[in-house]
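Enquirer: Taking my numbering, the leading residue of the sequence shown gets 312, the next gets one more, and so forth.
One structure follows; several queries about it will come next.
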Amino acid sequence: MQHSIDSERYGPQGEAMAHQVKTCVHCGFCLPVCPTYKDLGQEMDSPRGRILLMKEMLEGSLNIEEGLPYVDKCLGCMACVTACPSGVEYGELLTPFRALARDRVKGTLLDRLTRLSFRLLLPFPRRFRAAAVLGRLARPFTGMLPERMASMLELLPRKLPVSPPLPSVYPAQGKRRARVALLSGCVQQVLAPAINWATLRVLARNGVEVMVPGGQGCCGALALHNGDDAQAKHLAARNFDALPGDVDAIITNAAGCGSGIKEYPLLFRGDGLEDKARRFSARVQDVSVFLDELGFGQEPPPLPAAMTVAYHDACHLAHAQGIRTAPRKLLDRIPNLTLMELMDGETCCGSAGTYNLEQPEIANRLGDNKAAVIERLQPDAVAAGNVGCLMQIESHLRRRGSMLPVLHTVELLDRAYESA
Ligand code: SF4
Ligand code: SF4
């Protein structure tokens, strides 16, 4: 593919984008794994097609309004990165491109309102909780709302969980083997606060003291993937100062946060905070990787009854961070638990950050496909390492009438420990 992107024109990230375009050899190995290509069947909805479209838009030979809808349909699932033999880091093209496009294309009024609501609500748990409470009241009227808004409401749990605030320090049980800081997240605190509590208990059982520093907030991953670099940088920088440097690791239990933080060096490229971003990013670990590397200080006791669990690979763990074995190894160590593999385990469930709110038609088809594959396997529960996937899968299982429990990996470990 010829390339003549004027990388200087696009600032420090222009070079990264031009490099990724150049690395694509147009082989098409990524097409069969791309969920939107499989769903829509058009070259322009494939990774290879989107790379070409972004190249043309960056060069100015294609009008941005014409090409952008195809890029907007990309889930950012990074299945194409796993499949690519040429080493295209597709995210290094997609993320900066989205930021550029966002500055140039304002979109419809509904697009702007949706983006504004993401910006004002999602990173702030109190505001998001208030909006979620109001949203639940509006549920009986979903049929009268635009599909995008109806999808937002359908994803909300029937009952918003209530949970006590997290302590600033959760002590290790027995001899302290490590000390970490927990990134407590934003949306997850409202929709699934049990995940953070399970993380505290499981780490403590294994000799880990967990700090939950006040002053921290959203990691900015949702803003980053929506092309809102300014908000992403602002939120990230707040965490650089709020999370301590003298801990063994900064722990996240949300794949989306972990993968967003791994993109900080790209986000801050050419910025005065680039080094700080790189150091911070290197210290962040998914809870499954941290626990697997540390090793159990206390073996999980057997579950009270035999249980089969289908493990779903969250894209932002498997494709974006290459984390596949650690969660499986941990679950495999729970006596009485049998792990089952999904036929399409590494295919996106349609959650993908805020994708299920922005592209509800495609997201609903992917969510329904995932729920159907799970139902065929007939497990006793589903596990994943990302709150977005848990919500999406649960919502689609419920639409099909299935009440299967959908749990985070640490919640299953916690169940085993608590059952003893
Ligand atoms: S990130 Fe996912 S949806 Fe986007 S092009 Fe790659 S495989 Fe397709
Ligand atoms: S597999 Fe990689 S090199 Fe081949 S078309 Fe896809 S992105 Fe380009």
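The beta carbon of each residue, even a glycine, is placed where N, CA and C say it ideally should be.
(1) Go to Glu585, then tell me how far its alpha helix (DSSP H) extends in each direction, as first and last residue.
(2) In chain order, what residues of the same chain have a beta carbon less than 6 Å from the beta carbon of Pro407, not counting five sequence neighbours either side?
(3) Note down, one range per segment and in chain order, each alpha helix (DSSP H) of at least 4 residues found wholly within the stretch 436-507.
(4) In terms of residue numbering, what span does the alpha helix (DSSP H) encompassing Met702 cover?
(5) Enumerated in chain order, which unbroken segments of the alpha helix (DSSP H) with a length of 4 residues or greater are wholly contained in the stretch 517-557?
(6) Note down, one range per segment and in chain order, each alpha helix (DSSP H) of at least 4 residues found wholly within the stretch 624-690.
(7) CB-CB under 6 Å to Val521, same chain, minus the five flanking residues each way: which ones, in chain order?
(8) What are the residues that DSSP puts in a beta bridge with Ser718?
(9) Taking the continuous alpha helix (DSSP H) assigned at Met328, which residues delimit it?
(10) Under 8 Å Cβ to Cβ from Leu373, same chain only, skipping five residues before and after it: list those, please.
(11) Thinking C-alpha only, which one of Leu471, Leu466, Val416 and Leu708 is nearest Arg437?
(12) Using a threshold of 9 Å, state whether the C-beta atoms of Phe439 and Val498 are closer than that.
(13) Rounded to the nearest angstrom, what separates Gly260 and Lys333 at their Cα positions?
(14) Going by other Cβ atoms of all chains shown within 10 Å of its Cβ, with 16 needed for buried, is His719 buried or exposed?
(15) Using only the heavy atoms of ligand 2, determine whether one of them is closer than 8 Å to the beta carbon of Ala442.
(16) Quick check: the stretch 675-695 against the stretch 596-606, are at least 3 beta-carbon pairs closer than 8 Å?
(17) Do the stretch 560-575 and the stretch 606-620 make contact, defined as three or more Cβ pairs closer than 8 Å?
(18) I'd like the list of long-range same chain contacts for Tyr575, defined as Cβ closer than 8 Å, with 5 residues on each side in sequence excluded.
(19) What is the DSSP secondary structure of Met365, counted as helix, strand or coil?
(20) Provide the residue span of the alpha helix (DSSP H) that contains Ile572, from first to last.
(21) Quick check on DSSP: helix, strand or coil for Met355?
(22) Is Tyr728 helix, strand or coil by DSSP?
(23) Find the nearest neighbour of Ile634 within the set Pro646, Pro504, Asn564 and Arg726, judged by alpha-carbon distance.
(24) Just reading off the beta strand (DSSP E) that Ile375 is part of, what are its end residues?
(25) Report all residues from its chain with a CB closer than 6 Å to the CB of Lys544; omit the five preceding and five following residues, and keep chain order.
(26) Measuring only between beta-carbons, confirm whether Val721 sits less than 9 Å from chain C.
(27) Would you mind stating whether Lys681 and Ile645 have Cβ atoms separated by less than 9 Å?
(28) For the candidate residues Thr425, Arg639, Gln632 and Leu431, whose alpha-carbon lies nearest to that of Tyr666?
(29) Along the chain, where does the beta strand (DSSP E) that runs through Ala621 open and close?
(30) Is the beta carbon of Leu433 closer than 9 Å to that of Arg447?
(31) On the CB-based measure, 16 or more other CB atoms within 10 Å of its CB, does Lys640 come out buried or exposed?
(32) Ligand 1 and Ala566: does any heavy atom of the ligand fall closer than 8 Å to the residue's C-beta?
(33) Identify whether Asp317 lies in helix, strand or coil by the three-state DSSP scheme.
(34) From Gln689 to Glu722, what distance separates their C-alpha atoms?
(35) On the CB-based measure, 16 or more other CB atoms within 10 Å of its CB, does Gly371 come out buried or exposed?
Expert: Straight from the coordinates:
(1) Where Glu585 is concerned, the enclosing alpha helix (DSSP H) stretches over Glu585 to Arg594.
(2) Contacts found: Gln324 and Met328.
(3) 436-448, 458-466 and 498-502
(4) Val698 to Arg710
(5) 532-536 and 540-553
(6) 626-632, 636-643, 666-669 and 671-688
(7) Tyr481, Val491, Leu493, Leu511 and Leu514
(8) One detail in the question is off: residue 718 reads as Leu in this sequence, not Ser. DSSP output for Leu718 lists Ala694 as bridge partner(s).
(9) Pro323 to Thr334
(10) Leu364 and Glu367
(11) Leu471
(12) yes
(13) Beyond the ends of the chain as shown, which are 312 and 731, falls residue 260; an answer cannot be given.
(14) buried
(15) No, the beta carbon of Ala442 sits no closer than 8 Å to any heavy atom of ligand 2.
(16) no
(17) At 8 Å Cβ cutoff, the stretches do not touch.
(18) A distance below 8 Å between beta-carbons, with the five flanking residues on each side excluded, links Tyr575 to the following residues of its chain, in chain order: Ala547, Ala588, Arg589, Phe591 and Ser592.
(19) helix
(20) Ala566 to Lys573
(21) Correct three-state label for Met355: helix.
(22) helix
(23) Asn564
(24) No beta strand (DSSP E) contains Ile375, which is instead part of the alpha helix (DSSP H) from Ile375 to Asp383.
(25) none
(26) The question asks about chain C, but that chain is absent: this structure has only one protein chain.
(27) No, Cβ-Cβ distance for Lys681 and Ile645 is not below 9 Å.
(28) Thr425
(29) Where Ala621 is concerned, the enclosing beta strand (DSSP E) starts and stops at Met618 to Tyr622.
(30) no
(31) exposed
(32) False, no ligand heavy atom lies under 8 Å from that Cβ.
(33) Coil at Asp317, not helix or strand.
(34) 20 Å
(35) exposed
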